[in-house]
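Heads up: the structure comes next, in structure tokens.
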Amino acid sequence: IPDQNSTELIEKFKPFSDHLSQVLGVPVRYVPARDYQASVEMFRNGDVQLAWFGGLTGVQARAAVPGASAIAQGAADPTYYSYFIANASTGLEKSDDFPMGIEDLAFTFGSESSTSGRLMPEHFIREATGKAPSDFFSKPVSFSGSHDKTCELVASGQFQAGVVNYKVYDRRVAEGTTDPNVVRVIWQTPQFADYNWTAHPSLDATFGAGFTMKLQKAMTDISDPALLAALPREKLIPASNAEFEGIREVAVQLGMLR
780 IPDQNSTELI EKFKPFSDHL SQVLGVPVRY VPARDYQASV EMFRNGDVQL AWFGGLTGVQ
840 ARAAVPGASA IAQGAADPTY YSYFIANAST GLEKSDDFPM GIEDLAFTFG SESSTSGRLM
900 PEHFIREATG KAPSDFFSKP VSFSGSHDKT CELVASGQFQ AGVVNYKVYD RRVAEGTTDP
960 NVVRVIWQTP QFADYNWTAH PSLDATFGAG FTMKLQKAMT DISDPALLAA LPREKLIPAS
1020 NAEFEGIREV AVQLGMLR
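Mapping of the sequence shown onto my numbering: position 154 corresponds to residue 933, and the numbering continues sequentially without gaps.
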């Protein structure tokens, strides 16, 4: 999924795909997706056989392709979370409680299909307020398309508040592209399962029985930080479809999965 700036993803994933080619002995090529739903459609159509999905897009893709399986995830992904952020001009400070003060602000989610930028934040908004975002916020909510864009829009003041995945925000602060004194974290959500590598069932048919297991091992054996930086994760661990059942249930409740 294009959760970060697409041009950066192309550069970051080439070493990752080159490594898998070398270890597996088959050609592996990174294919960028136009947006979150395009990544699901590419997987559904068999145009990609291995995809780095968010929790929601992974659930959607596996529902669309019987036999598809989550095979790997970052060590941090079973305990993922989001940051609600606000421009410092709002005067909002970090709180342990849901920030009710955002209700009259111009607010943006990330992509409409993002787990950490929309699905789970909407779930937590409904849980805290008893209202859908369209009823809780006094102004129409927006969708920026990516976590990077959300950070940029809140920094510029075009939107006063938003929600992003914590890894993108922390990365931007570390590299100096987001000033935490301008774009403040005002609330950290509860944890949820998120990103995952999902394998298409055609892999074994194409490359032989047991190939998916071989692929899982190749991925979880990666220890080079330069390769893992593409995700970015410190380590990959095994994953299973069952770990994302909670995400599937929330998606069904919110009408984002049939």
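Where a beta carbon is used, it is the ideal one built from N, C-alpha and C, also for glycine.
From this set, the options, which residue's C-alpha is nearest residue i's C-alpha?
i       : options                              : result
Gly987  : Ile789, Val805 and Ser785            : Val805
His926  : Glu906, Pro959, Val920 and Ser890    : Ser890
Lys791  : Leu1007, Ser1019, Lys1014 and Ala953 : Leu1007
Val933  : Arg905, Lys993 and Ser868            : Ser868
Ser848  : Ala997, Gly941, Met992 and Leu1036   : Met992
Ala830  : Asp1003, Ser1019 and His979          : His979
Leu1036 : Ala953, Thr929 and Arg841            : Arg841
Ser861  : Phe888, Asp883, Gln852 and Thr836    : Phe888
Arg813  : Thr894, Asn784, Ala907 and Tyr974    : Asn784
Ala854  : Thr985, Gly1034, Ala972 and Asn1020  : Ala972
Trp976  : Leu788, Ser892, Thr968 and Gln852    : Gln852
Pro857  : Gly924, Ser892 and Ser1019           : Ser1019
Phe916  : Leu1033, Gly825 and Met879           : Met879
Ile789  : Gly1034, Ala984 and Ala1009          : Ala1009
Ser895  : Gln967, Ile850 and Ala843            : Gln967
Under a Cβ-count criterion, where at least 16 other Cβ atoms within 10 Å of its own Cβ denotes burial, should residue i be classed as buried or exposed?
i       : result
Val1031 : exposed
Gly936  : exposed
Asn944  : buried
Met899  : buried
Glu931  : buried
Gln970  : exposed
Ile780  : buried
Lys928  : buried
Lys946  : buried
Ser874  : exposed
Gly955  : exposed
Please report the straight-line C-alpha distance between residue i and residue j, rounded to a whole angstrom.
i       : j       : result
Lys910  : Ala1005 : 43 Å
Val807  : Pro912  : 41 Å
Gly870  : Ala885  : 14 Å
Asp958  : Phe990  : 45 Å
Gly1028 : Ala997  : Contrary to the premise, residue 1028 reads as Glu rather than Gly in this sequence. Distance between the alpha carbons of Glu1028 and Ala997: 31 Å.
Leu799  : Met821  : 20 Å
Gly846  : Tyr948  : 34 Å
Thr999  : Glu901  : 32 Å
Ile1041 : Tyr859  : Nothing about residue 1041 can be read from this structure; the chain reaches only from 780 to 1037.
Asp883  : Ala907  : 16 Å
Gln801  : Lys793  : 12 Å
Gln995  : Tyr974  : 15 Å
Ile881  : Ala940  : 7 Å
Ser1002 : Lys1014 : 7 Å
Val952  : Asp782  : 17 Å
Gly825  : Ser981  : 8 Å
Tyr809  : Gln828  : 11 Å
Leu803  : Asp797  : 10 Å
Write down the C-beta distance between residue i and residue j rounded to the nearest angstrom, noting that I regard them as a contact closer than 8 Å.
i      : j       : result
Gly834 : Phe1023 : 6 Å
Thr836 : Tyr815  : 6 Å
Val838 : Ile1016 : With a Cβ gap of about 19 Å, Val838 and Ile1016 do not count as contacting.
Val920 : Ile864  : Actually they are not in contact, since the Cβ atoms of Val920 and Ile864 sit about 14 Å apart, beyond 8 Å.
Val962 : Asn866  : 7 Å
Could I get the ranges of all uninterrupted beta strand (DSSP E) runs contained in the region 841 to 912, with 3 residues as the minimum, in chain order?
Those beta strand (DSSP E) runs which fall completely within the region 841 to 912 and span 3+ residues are 848 to 853, 861 to 866 and 886 to 888.
Every unbroken alpha helix (DSSP H) inside the region 807 to 845 [4 residues or more]:
Runs of the alpha helix (DSSP H) inside the region 807 to 845: 815 to 823 and 834 to 843.
My parser needs the beta strand (DSSP E) runs of 3 or more residues fully inside the region 969 to 999; what are they?
Fully contained in the region 969 to 999 are the following beta strand (DSSP E) runs of length 3 or more, in chain order: 975 to 978.
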